[in-house]
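A.B. asks:
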Amino acid sequence: MGIEENNKELIRDLYQLYNRHDVDAANELFSPDFHIGDFTREQNKQLDNMLHSAFPDLKITILDMIAEGDKVAYVVNATGTHTGGPCFGVQPTGRKIDMTNTWIVRIVDNKIVEINGTGDTFSQFQQLGVLPSLPEAIQAYNDSLK
Amino acid sequence: MGIEENNKELIRHLHELYNQHNIDAANEIYAEGCFGEGFTLEQNKQFEIMLQDAFPDAKWTILDMIAEGDKVAFINNVTGTHTGGLYMGIPPTGKKIDCKNTRIVRIDDSKIIEWRGTADFYNNMQQLGVIPTMREAIKAYNDSLK
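Keeping their order, the protein sequence lines are chains A and B. If you're matching positions, the first sequence starts at -17 in our numbering and goes up one per residue. If you're matching positions, the second sequence starts at 54 in our numbering and goes up one per residue.
1) Taking Cβ-Cβ distances shorter than 7 Å, what residues in chain A pair up with residue 117 of chain B?
2) Please name the residue or residues paired with residue 56 of chain A in a DSSP beta bridge.
3) Counting along the chain, where does the beta strand (DSSP E) carrying residue 118 of chain B start and finish?
4) Is DSSP giving residue 133 of chain A helix, strand or coil here?
5) Against chain A, with Cβ distances strictly below 8 Å, would residue 128 of chain B count as a contact?
6) Taking residue 91 of chain A as the reference, which of A:5, A:13, A:7 and A:39 has the closest Cα?
7) Using a Cβ-Cβ cut-off of 6 Å (strictly less than) and excluding sequence neighbours within five positions of residue 96 of chain A, which residues of its own chain qualify?
8) Which of helix, strand or coil does DSSP assign to residue 148 of chain B?
9) Looking only at DSSP bridge pairs, what is residue 89 of chain B linked to?
10) Would you mind stating whether residue 147 of chain B and residue 132 of chain B have Cβ atoms separated by less than 8 Å?
11) Suppose contacts are defined by Cβ-Cβ distances below 8 Å. Is residue 159 of chain B in contact with residue 166 of chain B by that definition?
12) Using a Cβ-Cβ cutoff of 7 Å, what residues of the segment 149 to 163 of chain B are near chain A? List them in chain order.
13) Return the first residue and the last residue of the beta strand (DSSP E) that residue 134 of chain B is part of.
14) Helix, strand or coil: which one does DSSP assign to residue 75 of chain B?
15) Any residues in the segment 88 to 120 of chain B with a beta carbon nearer than 9 Å to a beta carbon of chain E? Which ones, in chain order?
16) Excluding sequence positions up to five away, which residues of its chain have a Cβ less than 7 Å from the Cβ of residue 49 of chain A?
17) Assuming residue 92 of chain A is part of the beta strand (DSSP E), what are its boundary residues?
18) From the beta carbon of residue 65 of chain B, is the nearest beta carbon of chain A less than 8 Å away?
19) Using a Cβ cut-off of 7 Å, pull out every chain B residue sitting near residue -13 of chain A, in sequence order please.
20) Under the three-state reduction of DSSP, which class applies to residue 18 of chain A: helix, strand or coil?
21) Closer than 9 Å, Cβ to Cβ, to anything on chain A: give me those residues from the segment 166 to 177 of chain B, in chain order.
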């Protein structure tokens, strides 16, 4: 199996662990030097713990994945119901989320060292009812100018 | 040059055309009937026209790109100043945007036939001042519960 197939397999393993809500084992797949933006591995684990606690039925599906050299790019869909703990300080809303995130990760020696890409934070906050929908946001903005 | 390098070259060319604000030529790179993220080709074109009109200095930069078979994954960064026309119904704010989008596109016969990924509308709308920052949003939500 070439490096690309190995690396894709690592990403599949990662999401299997997330779907079993085994954040500790998932975190083992990240290098100690890992970072996402200015987030460290420890901070990333805390974020994962918060998400799994907030959405006890969190389910993540890989929609598409390609690899080249030491990098893997993939699109994932996450669904869940906010019935557990707080999410970013938002108390349980009972609402469902359904969001698509797209990442490119770099893998060295079977460990993820870096993640770059785009998370759909906008939809997530909309679906939790914290932020208005785009038309509502625009309407509110226009009203404020009157 | 293999298919992967050809396909990456097509994506570089697409971004060059965006940076020349040549939407018609950029649109020629998409196949008839292609679709992505719930948009048709015609809707995608309308969105691009709106974006370029709203941000006359819009500049695209490819931050990362990998390819496998008929697919290319890339992260791009868009910067611009909202000094032109309406954007999503929002009148010119004079504010700067700096957003990252991540996509996987499928290419057939040197045309994009499908795309999937995540656009960073959250930072986009925050930077235009239409929605609060995540911190402000969470604080507003928590205050509303008091």
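Even for Gly, the Cβ is constructed at its ideal location relative to N, Cα and C.
C.D. replies: Looking at the coordinates:
1) Neighbours of residue 117 of chain B in chain A, taken as residues whose beta carbon is under 7 Å from its own, are 86 and 98 in chain order.
2) A:47 and A:85
3) 112 to 121
4) Outside the shown range of chain A (-17 to 128) lies residue 133 of chain A, about which nothing can therefore be said.
5) yes
6) A check of alpha carbon separations from residue 91 of chain A across A:5, A:13, A:7 and A:39 identifies A:13 as the nearest.
7) 88
8) coil
9) B:92 and B:168
10) no
11) yes
12) 153, 154, 155, 156 and 157
13) 124 to 134
14) coil
15) Of the protein chains in this structure, namely A and B, none is chain E.
16) -14, -11 and -10
17) From DSSP, residue 92 of chain A is part of no beta strand (DSSP E); its letter is neither H nor E.
18) no
19) Neighbours of residue -13 of chain A on chain B: none; closest Cβ ~11 Å, over 7 Å.
20) strand
21) 169, 170, 171, 172, 173, 174, 175, 176 and 177
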